[in-house]
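Engineer: Numbers -18 to -1, 1 to 114, taken from mature numbering (1 follows the signal peptide of the UniProt record, and there is no 0), label the letters of the sequence shown in order.
Got a structure here, written out as structure tokens. Questions coming.
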Amino acid sequence: MKTATFAAILGATLVGAADPCYHDGSRLPTSTIRYHAQRACEGYDGKRGAFQGTFAVKEAKYACVNLEGNQYLQMWVTNENTNFSFDLNDKDCTKEFNNLMNTCNSNGVTQGGAVTVSGWRFRADPASGGRC
């Protein structure tokens, strides 16, 4: 009985600990993603960032940045709430992208990833062979 209970608890714990990182596709330096995520979250040079302002119920906002070498970076933030609109705090937005990059960092590069935190979904996806 104790073994079955332990196995059930372990299984439930592992389901909630899914890997947020992508393991195939294009790679970018984590510093590049951090830089562009901060600009999208907090704005830059007096311009509003793509992820600033109020998000409607289930709204996803998108930012895409063309980079050198025929690479580009796609990023999304989604309000997963089904009842209310919210304004995501700019610094929290940057923090969650940084946390995602910390998790998905492999020797200073990443293939991106996606994670949901407190009702917000953050996704960064490097790509190549095209433009935004």
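Note that the Cβ used here is the ideal one computed from N, Cα and C, for glycine as well.
Looking at Arg103: is its Cβ nearer than 8 Å to the Cβ of Thr36?
Structural biologist: Contact: no.
Engineer: List the residues that DSSP assigns as beta-bridge partners of Ser88.
Structural biologist: BP columns for Ser88 point to Val91.
Engineer: Please name the residue in Val99, Thr64 and Gly51 whose C-alpha comes closest to that of Glu78.
Structural biologist: For Glu78, the nearest C-alpha among the options comes from Val99.
Engineer: So, helix, strand or coil for Ser110, using DSSP?
Structural biologist: In the structure shown, Ser110 sits in a strand (DSSP, three-state: E or B).
Engineer: Can you tell me where the beta strand (DSSP E) with Gln20 in it begins and where it stops?
Structural biologist: Taken as a continuous stretch (DSSP letters only), Gln20 belongs to no beta strand (DSSP E), being part of the alpha helix (DSSP H) at Thr12 to Glu24.
Engineer: Give me whichever residues DSSP pairs with Ala45 in a beta bridge.
Structural biologist: DSSP output for Ala45 lists Met57 as bridge partner(s).
Engineer: Within the same chain, show all residues whose beta-carbon is closer than 8 Å to that of Thr64, passing over the 5 residues directly before and after it, in chain order.
Structural biologist: Once the five neighbours on either side are set aside, the close Cβ partners of Thr64 are Val39 and Lys40.
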